[in-house]
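S.K.: The sequence shown begins at 1 in this note's numbering and counts up by one.
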Amino acid sequence: MANSFDTDPRGPGDPRLFVMGIVFIVVAVATAALMVAKSQGKLDNLVNVDVELVNIGDGLPPRSDVKFRNLLVGSVVDVTTSTHGSPNVVHVFLKPEYAAHIPASVTARVVPANLFAVSAVQLVDNGDGSGHIRDGAIIHEDKTLPTVIFQNVLNKLRQLVAPLGRKADDTTVGLIAALGEATHGRGKELTDTGHDLNEVLARLNEVVATDDTGPSTLSALAAATESLQRTAPDLLDALDQSIQPMKTIAEKSQQLSHLLTGGLGTTGTLATALENQSERIITISTQMTPVIGVLADHADEFHGVSTKLEVLANKVYDIAWDPEIKVLRGGKAAIALTPSRSYVREDCPRYGEMAGPSCLTAPEVPTAPDLFPGLASMGVPPAPGMTENRPNVTPPRHSMPGDPQGPPIPPPPDPPPPPDP
1 MANSFDTDPR GPGDPRLFVM GIVFIVVAVA TAALMVAKSQ GKLDNLVNVD
51 VELVNIGDGL PPRSDVKFRN LLVGSVVDVT TSTHGSPNVV HVFLKPEYAA
101 HIPASVTARV VPANLFAVSA VQLVDNGDGS GHIRDGAIIH EDKTLPTVIF
151 QNVLNKLRQL VAPLGRKADD TTVGLIAALG EATHGRGKEL TDTGHDLNEV
201 LARLNEVVAT DDTGPSTLSA LAAATESLQR TAPDLLDALD QSIQPMKTIA
251 EKSQQLSHLL TGGLGTTGTL ATALENQSER IITISTQMTP VIGVLADHAD
301 EFHGVSTKLE VLANKVYDIA WDPEIKVLRG GKAAIALTPS RSYVREDCPR
351 YGEMAGPSCL TAPEVPTAPD LFPGLASMGV PPAPGMTENR PNVTPPRHSM
401 PGDPQGPPIP PPPDPPPPPD P
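(1) Can you tell me whether Ala100 is buried or exposed, with buried defined as 16 or more other CB within 10 angstroms of its CB?
(2) For Glu199, does the count of other Cβ atoms within 10 angstroms reach 16, so buried, or fall short, so exposed?
(3) Assuming Thr107 is part of the beta strand (DSSP E), what are its boundary residues?
(4) Please list, in chain order, all residues of the same chain as Arg63 whose beta carbon is under 7 Å from its beta carbon, the five residues on each side excluded.
(5) Quick check: what's the CA-CA separation for Val327 versus Thr307?
(6) Distance check for Asn48 and Lys38, CA to CA, integer angstroms please.
(7) Can you say whether Asp142 is buried or exposed, counting buried as having 16 or more other CB atoms within 10 angstroms of its CB?
(8) Assuming contact is defined by CB atoms lying nearer than 7 Å, are Gln122 and Lys67 in contact in what I supplied?
(9) Nearest CA to the CA of Leu360: which residue from Gly352, Asp347, Asp370, Phe372?
(10) What ranges does the beta strand (DSSP E) occupy inside the segment 298-332, keeping only unbroken runs of at least 3 residues that lie completely in it?
(11) Strictly by DSSP, which residues pair up with Val66?
(12) Just tell me which of Ile284, Ala202, Gly356, Asp65 has its CA closest to the CA of Asn422.
(13) Distance, Cα to Cα, Met378 vs Leu295?
(14) Give the C-beta separation of Leu53 and Val110 to the nearest angstrom, bearing in mind that I take them to be a contact with Cβ-Cβ under 8 Å.
(15) What are the boundary residues of the beta strand (DSSP E) that His91 is part of?
(16) In the DSSP output, which residue or residues are listed as bridge partners for Asn48?
(17) I believe Asn439 touches Thr107 by the beta-carbon criterion, under 8 Å. Please report the beta-carbon distance rounded to the nearest angstrom.
(18) Could you give the DSSP three-state label for Phe378: helix, strand or coil?
(19) Any idea which residues DSSP pairs Leu53 with across the strands?
(20) May I have the straight-line CA-CA distance separating Ala313 from Trp321, to the nearest angstrom?
(21) Using the Cβ count rule (16 or more neighbours within 10 Å means buried), how would you classify Ala224?
(22) List the DSSP bridge partners of Val79.
(23) Return helix, strand or coil for His195, following the three-state DSSP convention.
(24) Is it buried or exposed for Thr286, if we count other Cβ within 10 angstroms and need 16 for buried?
(25) To which residues does DSSP link Ile138 through a beta bridge?
(26) Rounded to whole angstroms, what is the Cα-Cα separation between Leu197 and Asp240?
(27) Are the beta-carbon atoms of His91 and Asp50 separated by less than 7 Å?
(28) Here's the rule: buried if 16 or more other CB atoms are within 10 angstroms of the residue's CB, otherwise exposed. What is Leu94?
(29) Check whether the Cβ atoms of Phe372 and Pro381 sit closer than 7 Å, and answer yes or no.
(30) Which residue from Pro103, Pro146, Ala220, Asn276 puts its Cα closest to that of Ala137?
(31) Taking only the alpha-carbon atoms, compute the straight-line gap between Lys422 and Ile139 and give it to the nearest angstrom.
(32) From Thr283 to Pro290, what does the alpha carbon distance come to, in whole angstroms?
(33) Tell whether a beta-carbon distance below 7 Å holds between Arg345 and Glu364.
(34) Tell me the rounded alpha-carbon separation between Glu251 and Asp58.
(35) On the DSSP letters alone, give me the boundaries of the alpha helix (DSSP H) that Met35 sits inside.
(36) Is Tyr351 helix, strand or coil when you go by DSSP?
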């Protein structure tokens with residue numbers, strides 16, 4: 001039977017050809033759908049797990065590798081980005097034949113899979129856990145020290161490699177292009193420079209390593225670098241402590257300037273005052289000469305005076321001072337001043353009728369020492385109108401009433417008689 005596409009009567013007709021076309025399209029679509037589902041693992045009995053990661057590096061595209069002990073055990077389906085501080089959730093399909101041998105205690109981290117910086121999820125073995133991993137399990141991020149150090153190294157390496165490239169819309173020249181432009185046509189100069197550097201290292205090696213048993217130049221430099229690295233914290237602490245005074249001066253520079261300005265002003269005022277009062281200063285120092293001489297002559301008596309003053313102050317504090325109200329309480333004090341007088345016959349020692357030798361030779365009337373010779377010994381001339389000391393008529397010792405060794409105090413007088421009424 002002929003159809004619209006073929007005049008041969010033996011071929012299928014249009015209705016049959018239409019049905020065959022529909023069947024072919026359905027089979028093709030079903031085959032394609034099955035292939036896509038197979039590629040996505042929907043036809044396999046895969047183990048679906050979620051991996052919680054804070055650091056996913058440069059990202060995890062779909063179908064990224066999932067490895068355990070360097071063996072490909074699954075792939076990444078998609079990534080749910082973090083929200084409100086929660087970790088990123090990476091949805092992973094694991095092959096069932098491998099999932100049965102993966103402990104449930106594994107943790108995960110992101111590592112580069114190849115030289116093209118394609119990221120992959122690596123499952124870290126933490127020892128045999130309680131059974132193997134199962135469908136719906138949640139794998140947490142590995143936070144052990146090796147992983148942290150590894151992630152820090154990757155971040156630093158990423159920072160170093162980032163300047164090598166440039167954006168597509170950037171008009172600047174990349175680092176590699178800049179190096180190529182800088183070294184273009186300078187091969188001879190670079191070769192000579194390398195030869196000179198090799199010569200310098202060879203000469204330096206002769207100084208550092210005088211024989212084959214000593215360290216090489218690079219070894220010595222490496223050892224010095226390691227020593228510097230070990231002592232760097234102490235060195236930095238010492239530098240920090242050494243700059244603290246300079247930092248303080250820098251912070252207080254304005255106050256320091258005001259202090260120095262005020263000090264200079266005070267010094268200038270003091271210099272002017274000393275210059276204006278120079279004559280008075282000379283006069284005061286001249287008149288102080290005899291006073292200082294007297295103090296020097298009687299220096300051995302200051303200790304006794306200060307000791308007695310200390311005893312007196314302690315007694316006043318213990319007896320008359322009120323520490324609560326911090327005032328002196330009411331009290332009585334007897335102050336006796338004994339004038340200085342010379343030795344007289346009344347002061348000579350006696351024992352019954354026996355008398356000492358000075359009872360016949362001592363002066364009968366006490367006299368004060370001569371004034372003018374004393375002033376002359378100090379280099380002080382007497383003032384106009386000043387006369388020599390008169391005889392001292394001070395009474396003998398222990399002759400005043402009330403003295404412990406003197407006569408008794410006379411009784412008070414009798415009261416007057418009452419008046420007559």
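Heads up, the beta-carbon is just placed ideally off N, CA and C, and yes, glycines get one too. As the structure is a computational prediction, the values presented were derived from the model and not from experiment.
M.R.: Quick look at the numbers:
(1) Translated into positions along the sequence shown, residue 100 becomes position 100. Counting Cβ neighbours within 10 Å, Ala100 comes out exposed, since fewer than 16 surround it.
(2) Numbered from its first residue, the sequence shown carries residue 199 at position 199. Flag for Glu199 reads exposed.
(3) The residue labelled residue 107 in the question sits at position 107 within the sequence shown. From DSSP, the beta strand (DSSP E) with Thr107 extends over 107-112.
(4) On the sequence shown, position 63 is the one that residue 63 refers to. Its chain contains Ser75, Val76 as the residues whose beta carbon lies nearer than 7 Å to that of Arg63, once the 5 sequence neighbours on both sides are disregarded; these appear in chain order.
(5) Translated into positions along the sequence shown, residue 327 becomes position 327. Translated into positions along the sequence shown, residue 307 becomes position 307. Their backbone Cα atoms lie some 24 Å apart in a straight line.
(6) In the sequence shown, counting from the first residue as 1, residue 38 sits at position 38. In the sequence shown, counting from the first residue as 1, residue 48 sits at position 48. Here the alpha carbon of Lys38 sits roughly 15 Å from the alpha carbon of Asn48.
(7) Against the sequence shown, residue 142 aligns to sequence position 142. Asp142 should be labelled buried.
(8) Taking the first residue of the sequence shown as 1, we reach residue 122 at position 122. Taking the first residue of the sequence shown as 1, we reach residue 67 at position 67. Contact: yes.
(9) Residue numbering aside, residue 360 sits at position 360 when the sequence shown is read from its first letter. Taking only the C-alpha atoms, the option nearest Leu360 is Asp347.
(10) At a cut-off of 3 residues, not a single continuous stretch assigned as beta strand (DSSP E) sits fully inside the segment 298-332.
(11) Here residue 66 refers to the residue found at position 66 of the sequence shown. Under DSSP, Val66 takes part in a beta bridge, and its partners are Gly74, Val121.
(12) Because the chain is modelled from 1 through 421, residue 422 falls outside the range shown and cannot be assessed.
(13) As a working mapping, residue 378 is identified with position 378 in the sequence shown. As a working mapping, residue 295 is identified with position 295 in the sequence shown. About 12 Å.
(14) By 1-based counting over the sequence shown, the position of residue 53 is 53. By 1-based counting over the sequence shown, the position of residue 110 is 110. So it is a contact: roughly 6 Å between Cβ atoms.
(15) Here residue 91 corresponds to residue number 91 of the sequence shown, with the count starting at 1. Residue range 88-94 is occupied by the beta strand (DSSP E) that includes His91.
(16) On the sequence shown, position 48 is the one that residue 48 refers to. For Asn48, which the question treats as bridged, DSSP gives the partners Phe93.
(17) Outside the displayed range of the chain (1 to 421) lies residue 439, so it cannot be described from this structure.
(18) For this step, residue 378 is matched to residue 378 along the sequence shown. Reading off the sequence, residue 378 comes out as Met, not Phe. Met378 sits in coil when the DSSP states are folded into three classes, being neither helix nor strand.
(19) Start at 1 with the first residue of the sequence shown, and residue 53 comes out as number 53. BP columns for Leu53 point to Asn88.
(20) Locating residue 313 in the sequence shown gives position 313, where the first residue counts as 1. Locating residue 321 in the sequence shown gives position 321, where the first residue counts as 1. The alpha-carbon atoms of Ala313 and Trp321 are separated by roughly 10 Å.
(21) Numbered from 1 along the sequence shown, position 224 holds the residue referred to as residue 224. Ala224 comes out exposed.
(22) As a position in the sequence shown, residue 79 is number 79, starting the count at 1. In the DSSP assignment, Val79 forms a beta bridge with Val90.
(23) As a position in the sequence shown, residue 195 is number 195, starting the count at 1. Helix, per DSSP.
(24) Residue numbering aside, residue 286 sits at position 286 when the sequence shown is read from its first letter. Counting Cβ neighbours within 10 Å, Thr286 comes out exposed, since fewer than 16 surround it.
(25) Position 138 of the sequence shown, counted from the first residue, corresponds to residue 138. DSSP links Ile138 through a beta bridge to Asp50.
(26) In the sequence shown, residue 197 corresponds to position 197, counting from 1. In the sequence shown, residue 240 corresponds to position 240, counting from 1. A straight-line Cα-Cα distance of about 36 Å links Leu197 and Asp240.
(27) Translated into the one-based positions of the sequence shown, residue 91 becomes position 91. Translated into the one-based positions of the sequence shown, residue 50 becomes position 50. Between His91 and Asp50, the C-beta spacing is below 7 Å.
(28) On the sequence shown, position 94 is the one that residue 94 refers to. That one is buried.
(29) Working through the sequence shown from its first residue, we reach residue 372 at position 372. Working through the sequence shown from its first residue, we reach residue 381 at position 381. No, they are not a contact pair.
(30) As a first step, residue 137 must be located in the sequence shown, where it is residue number 137. Cα-wise, what sits closest to Ala137 is Pro103.
(31) The structure shown does not extend to residue 422, since the chain is modelled only from 1 through 421, so no value can be given for it.
(32) Your numbering for residue 283 matches position 283 in the sequence shown. Your numbering for residue 290 matches position 290 in the sequence shown. Approximately 13 Å, taken between the alpha carbons.
(33) The count along the sequence shown starts at 1 and reaches residue 345 at position 345. The count along the sequence shown starts at 1 and reaches residue 364 at position 364. Taking 7 Å as the cut-off, the beta carbon of Arg345 is found closer than this to the beta carbon of Glu364.
(34) Taking the first residue of the sequence shown as position 1, residue 251 is located at position 251. Taking the first residue of the sequence shown as position 1, residue 58 is located at position 58. Taking the straight line joining both Cα atoms gives about 45 Å.
(35) Locating residue 35 in the sequence shown gives position 35, counting from the first residue. First-last of the alpha helix (DSSP H) with Met35: 14-39.
(36) By 1-based counting over the sequence shown, the position of residue 351 is 351. Here Tyr351 carries a strand assignment [DSSP, helix/strand/coil].
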